[in-house]
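**Q** Residue numbers for the sequence shown follow my numbering, beginning at 3 and rising by one.
Every residue, glycine too, gets a C-beta built ideally from N, C-alpha and C.
Questions regarding the structure given below will be posed in turn.
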Amino acid sequence: MRTTLNPVDFAQGQVLLTRLPDTFSNILQTAQLESRPNGCVAVSYEVAGAGRCLAVASSPNEAIRQALVDLASILTHCTEQQPTAQSFASETAPEVDTEIPSSSERSLSKSRQQTIGTTLPLRLKEHLYEIASSEGTNFAEVSRRYVVFGFEDFVSRSLYTSSTSLFEMLSHELSDWQGSGTGQTMIRLDPGYAVRLRTTAKEYKKSVSELTTLCAAHGLAMQKLLATLETKVSSCKGAAIRNLVSKLGLQTVATPLVSGILVGNIRAPRKLLSKLAGAFETHESLLSTLFRGSFDRRLVPAYKADAGKPVLSTAPATWTSAVKSLNLSTQDAKALLDLGV
């Protein structure tokens with residue numbers, strides 16, 4: 003299909019293109035290489051309107067490459083938000099919502115990701131770069147993971163927590179990263195998450211940028227708690243699982259069911275999930291996240307068979323089906339099924 007090119011856009015694009023060399027040169031004159039913890043290297047530079055920016059990687063060349071990519075994104079986004087090409091070097095729009103996935107990300111994803119501009123504390127941004135470097139991945143992937151993780155937990159908690167208490171908690175978690183200055187960055191999200199985040203931000207009268215930053219900090223906080231919780235749950239083996247069953251107020255016949263829940267093979271009913279959260283001194287949403295992760299990471303069993311492969315479930319067993327599979331007495335089965343679905 004042939005499309006008509008907007009002459010104004012074309013002219014502004016030409017102006018931008020001719021000014022980019024001088025703009026890059028002026029900004030990168032302030033750039034410095036810095037040695038960071040864990041053997042990482044950072045490039046720091048100043049952008050008017052965006053403040054101090056930071057690109058962290060495992061080597062000087064990779065950090066420089068990342069800085070150039072980030073700077074190109076910042077400058078071109080600014081022109082899209084402003085009516086004249088000249089303004090891109092003077093101010094960065096606080097919130098961006100356009101679809102410009104990188105070529106590498108476009109090849110890995112069927113749906114085009116949407117980009118949201120946000121301002122992160124530099125310590126938080128640097129930490130995300132360090133995680134990406136240690137995992138051998140990129141900043142876009144890591145930042146998206148923690149924003150989505152934090153957002154999903156936020157939505158889950160909002161169902162039974164007051165918005166005042168919820169945002170007090172989020173603000174407290176974000177304050178742990180403050181005091182190091184801020185820098186603008188771009189978070190790329192799948193379209194579905196981008197729409198949900200915008201809608202939620204509007205519902206709570208927050209900017210998309212603000213909610214994105216809060217969710218990133220919350221995701222990191224939840225990941226730290228998740229590691230501690232995983233250790234607690236993993237310790238419930240042998241005699242410990244029987245003690246846990248007793249603590250939950252269940253009969254010993256429920257032991258295999260509780261074991262299945264802890265490894266993610268059985269979906270816990272709401273009443274039992276609440277009891278488990280109390281036993282492990284954690285939040286229900288975090289416990290559910292741990293169980294889902296355990297199910298997703300389950301090992302595929304080896305097999306030696308002439309006919310067919312073993313069939314693996316694609317979702318945890320329901321509580322009802324798990325209880326019925328034990329062939330318990332009517333009384334014991336009813337007591338367990340009364341916990342819900």
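Taking the beta carbon of L24 as the centre, do at least 16 other beta carbons fall within 10 Å, making it buried, or is it exposed?
**A** The identity of residue 24 in the sequence shown is Asp, whereas the question assumes Leu. So D24 ends up on the exposed side.
**Q** Closer than 8 angstroms is the cut-off here; do at least three beta carbon pairs connect the region 156-175 with the region 117-133?
**A** no
**Q** Scan the region 105-188 and note each continuous alpha helix (DSSP H) run of 4 residues or more that stays entirely inside, going in chain order.
**A** 105-110, 124-137, 141-160 and 165-177
**Q** For the 8 angstroms Cβ check, are there 3 or more pairs between the region 330-342 and the region 263-277?
**A** yes
**Q** Span of the beta strand (DSSP E) holding L35?
**A** Q34 to S37
**Q** Taking only beta-carbon positions, decide if G240 is within less than 8 angstroms of chain C.
**A** Judged by its chain identifiers, the structure shown contains no chain C, having just a single protein chain.
**Q** Pull the bridge partners of V43 from the DSSP assignment, please.
**A** S37 and A59
**Q** When the Cα of L137 is compared with those of C42, V157, Y162 and T284, which residue comes out closest?
**A** According to the sequence shown, residue 137 is Glu rather than Leu. Among C42, V157, Y162 and T284, the Cα nearest to that of E137 is on C42.
**Q** To the nearest angstrom, report how far apart D72 and A279 are at their CA atoms.
**A** 41 angstroms
**Q** Let me check understanding here. Comparing Cα to Cα, which of L275, S331 and I189 lies closest to S211?
**A** I189
**Q** Take E132 as the anchor and find which of S37, L22, S248 and F12 has the nearest alpha-carbon.
**A** S37
**Q** Indicate the three-state DSSP secondary structure (helix, strand or coil) for R294 in the structure shown.
**A** helix
**Q** Specify, as a first and last residue, the run of the alpha helix (DSSP H) that G280 falls within.
**A** R272 to F282
**Q** What are the start and end residues of the alpha helix (DSSP H) that includes R200?
**A** P193 to E205
**Q** Starting from the Cα of A317, find the closest Cα among L30, H285, D334 and I263 and give me that residue.
**A** I263
**Q** Measure the C-alpha to C-alpha separation of E48 and T20 and round it to an integer number of angstroms.
**A** 21 angstroms
**Q** Using a Cβ-Cβ cut-off of 6 angstroms (strictly less than) and excluding sequence neighbours within five positions of T32, which residues of its own chain qualify?
**A** Y47 and E48
**Q** Going by DSSP, name the residue or residues bridged to R190.
**A** T117
**Q** Buried or exposed, going by whether 16 or more other CB atoms sit within 10 Å of the CB of P123?
**A** buried
**Q** Look up A319 in the DSSP assignment and say whether it is helix, strand or coil.
**A** strand
**Q** Let me confirm a value: Q253 is counted as buried when at least 16 other C-beta atoms fall within 10 Å, else exposed. Which label applies?
**A** The residue in question, Q253, is exposed, as its Cβ has fewer than 16 Cβ neighbours within 10 Å.
**Q** Output yes or no for whether 8 angstroms exceeds the beta carbon distance between V149 and A218.
**A** A contact, by the Cβ cut-off of 8 angstroms.
**Q** In whole angstroms, give me the CA-to-CA distance for A95 and G119.
**A** Note that A95 has pLDDT 35, beneath the 50 cutoff, so the model's placement of it is unreliable and no number is given.
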